[in-house]
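Read the structure below first, then the notes.
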Amino acid sequence: MKRIQSALISVYHKDRMDEIAHLLDRLGIRIYSTGGTWRFIHDLGIEALPVENLTSYPSILGGRVKTLHPLVFGGILGRRDHPDDRRDFGDYRIPELDLVIVDLYPFTETVSGGCTEDEAIEKIDIGGISLIRAAAKNFRDVLVVPSSEWYDELIDLLRNKEGYTTLEERKRFAVRAFDISSGYDTSIYGYFSDGMEGSFKYSGGPSRILRYGENPHQKGVFYGDLDQVFMQLHGKEISYNNLGDLDAGIQLAGEFDEPTVAILKHQNACGVACRERLTDAWKDALAGDPVSAFGGVIITNRPVDEETAELINLLFFEVILAPGYENKALELLQSRKNRIILQAEIVPFTGKQFRSLLNGVLGQERDMKNETEGDLRVVTRLSPTPGEVQDLLFANRIVKHTKSNAIVLAAGKRLLGSGTGQTSRVDALRQAIQKAADFGLDLKGGVMASDAFFPFADSVEIAWRAGIKSVIQPGGSVRDQDSIDFCNEHGMSMVFTGIRHFKH
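See the structure below:
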């Protein structure tokens, strides 16, 4: 046990600092402070010594240098039980600093909100990060509070233990300090680098222990702040697999402007429909594959009304995410206690993706390409009708978010069948056709989307025999002409996008 005798405070956010300062003062703990923090404490009527009085140096270079001085860092790093350090304390009149409270300049918040490079540079904390590292290194003697997030725990310690701390407590705070300092440096590195060169660095925010990983025998954890993505209104704890489906569903639903419902299972869409009314979108999305929808994840891009909720409530599902819910709708959906109900937040997702692989990490830019009518190149004698063009673009957006090899069949802005994750494109097509047949969905006059080119004409022939009238694909095969010729001979239209959308 060690009792805090003196404290150094240098913080950006002052929330609850009044409470901390009063507690320190009541316990007779000497306070050293800097700049704006000193003025804040002084205005509370609490005695605090400016760091300048200790170092004999004022804050210089526009505030860039305040605490970087041997008397400050000596007081933090000095080992209380080390004879030579004790001698230096006396010879150089170094005050022992037992508590260091720092709240860093908000670099991440500044750059995420948009700023100039000069503004970003000025929000790189130098003195604060150095104080955190020094105090964490000497946790045997010093308690470090590295962020305003830890003020509550500090207040509890001061109130309940009268300024005493254990080695275990100081070490726990130190671990958190190293976590914050490494994350801070990673954020700075990420801002100035393009993310593709140099070493891989990632700081994902707080960890969230999951019930298990992909399977019950695997441990699982999520690194990041899910509260930025959604608010959980009801239900059990979100699982590892739920998060995978939610990510895929949010990306897919984000492709559409009109009211849309997407139903996902194992990160693939088993039902998607766009309609003027959300209720109609739900009916047509569910009809695409009501079997796979059982136990699935539902994503909508419009608030859920009571009429739609009554229909959704008839299905057993794991998760629903929407921008909002009418009161009656929410009451209906909450009828099952384990059902996870989420309200989506508007959050920009990073433009990069990473995956652990072999003995390293694989990174790439996120597939942000979203083809429009202007990107379509008609390669057949027959052009698609305006309605077919809309269906082609609809199907292409879905196939972009479907595991390769992938085929999507659609009509009237509704998914009729999909082939997912197959080792051959022909197998994916046959799976999609069979899906539609299983649920009595007529493919005549429908469209087909492929995530990559057709190496042979067999796929367009199979699609034609099933009733497909128009095809969208990237093109690029040495045998593209074979598929074009078949379409011309059988009254089909086909467009090339020039963009492949593999997803693995």
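Residues in the sequence shown are numbered consecutively from 155, following this note's numbering.
Cβ atoms here follow ideal geometry from the backbone N, Cα and C, with glycine treated the same way.
All figures in this text were calculated on a predicted structure; none of them were measured in a lab.
DSSP, reduced to helix, strand and coil, places D279 outside both helices and strands of the structure shown, so it counts as coil.
For E464, the enclosing alpha helix (DSSP H) starts and ends at E460 to I466. Runs of the alpha helix (DSSP H) lying entirely within the stretch 275-349 and spanning at least 4 residues, in chain order: 281-291, 305-315 and 321-346.
Between the stretch 499-508 and the stretch 479-488 there are fewer than three C-beta pairs closer than 8 Å, too few to call the two in contact. Counting C-beta atoms within 10 angstroms of its own C-beta, F470 has fewer than 16 neighbours from the protein chains shown and is therefore classed as exposed. Counting C-beta atoms within 10 angstroms of its own C-beta, F508 has fewer than 16 neighbours from the protein chains shown and is therefore classed as exposed. Taken atom to atom, the span from the alpha-carbon of S558 to that of E303 is near 43 Å. Annotation for T264: no beta strand (DSSP E) segment contains it, though the alpha helix (DSSP H) segment containing it runs F261 to S266.
In this structure, L546 sits near I626, with a CB-CB distance shorter than 7 Å. In the structure shown, H176 falls within a helical segment according to DSSP collapsed to helix, strand and coil. In the assembly as shown, P300 is a buried residue. Its beta-carbon has 16 or more other beta-carbons within 10 Å. Taking G282 as reference, the option from H420, I255 and F593 with the minimal CA-CA separation is I255.
Here DSSP, grouped into helix, strand and coil, assigns L225 to helix. Residue pairing from DSSP places I494 in a beta bridge opposite V473. For I638, the uninterrupted alpha helix (DSSP H) segment begins and ends at D634 to E643. Nearest to G571 by alpha-carbon distance, out of G629, E201, D438 and D636, is D438. In the three-state DSSP reduction, H658 falls in the coil class, being neither helix nor strand.
The stretch 447-464 makes contact with the stretch 410-425, as at least three CB pairs between them are under 8 Å. Around the C-beta of S647, 16 or more other C-beta atoms lie within 10 Å, and the residue is accordingly described as buried.
Counting the other CB atoms within 10 Å of its CB gives L511 a total below 16, which places it among the exposed residues. Under the three-state reduction of DSSP output, N481 falls in the helix class. Contact annotation: P249 and G229 have beta-carbon atoms nearer than 7 Å.
Membership of Y394 in the alpha helix (DSSP H) is indicated by the continuous run Y394 to A407. Taking one beta carbon from each stretch, the stretch 577-596 and the stretch 441-448 have 3 or more pairs nearer than 8 Å; the two touch. The beta strand (DSSP E) runs lying completely inside the stretch 562-590 and spanning 3 residues or more are 569-573, given in chain order. Under DSSP, S160 shares a beta bridge with R184. Using a Cβ-Cβ distance cut-off of 8 Å, the stretch 528-536 and the stretch 383-403 are not in contact, since fewer than three pairs of beta carbons, one from each stretch, lie closer than that value. By a beta-carbon distance limit of 8 Å, L311 contacts E323. Their separation comes to about 7 Å. In the three-state DSSP reduction, N207 falls in the helix class (H, G or I). Contact between the stretch 285-300 and the stretch 266-275 is absent: fewer than three C-beta pairs spanning the two stretches fall below 8 Å.
Around the CB of L475, 16 or more other CB atoms lie within 10 Å, so the residue is classed as buried.
If you draw a 10 Å sphere on the C-beta of T526, you find fewer than 16 other C-beta atoms in it, and that means exposed. Collapsing the DSSP output to three states places R531 in a strand.
The beta carbon of K554 sits closer than 6 Å to those of H655, all from its chain and outside the five residues before and after it, given in chain order. Inter-residue distance for N369 and L380 is about 21 Å (C-alpha atoms, whole angstroms). Look at S613 here: in three-state DSSP terms it is helix.
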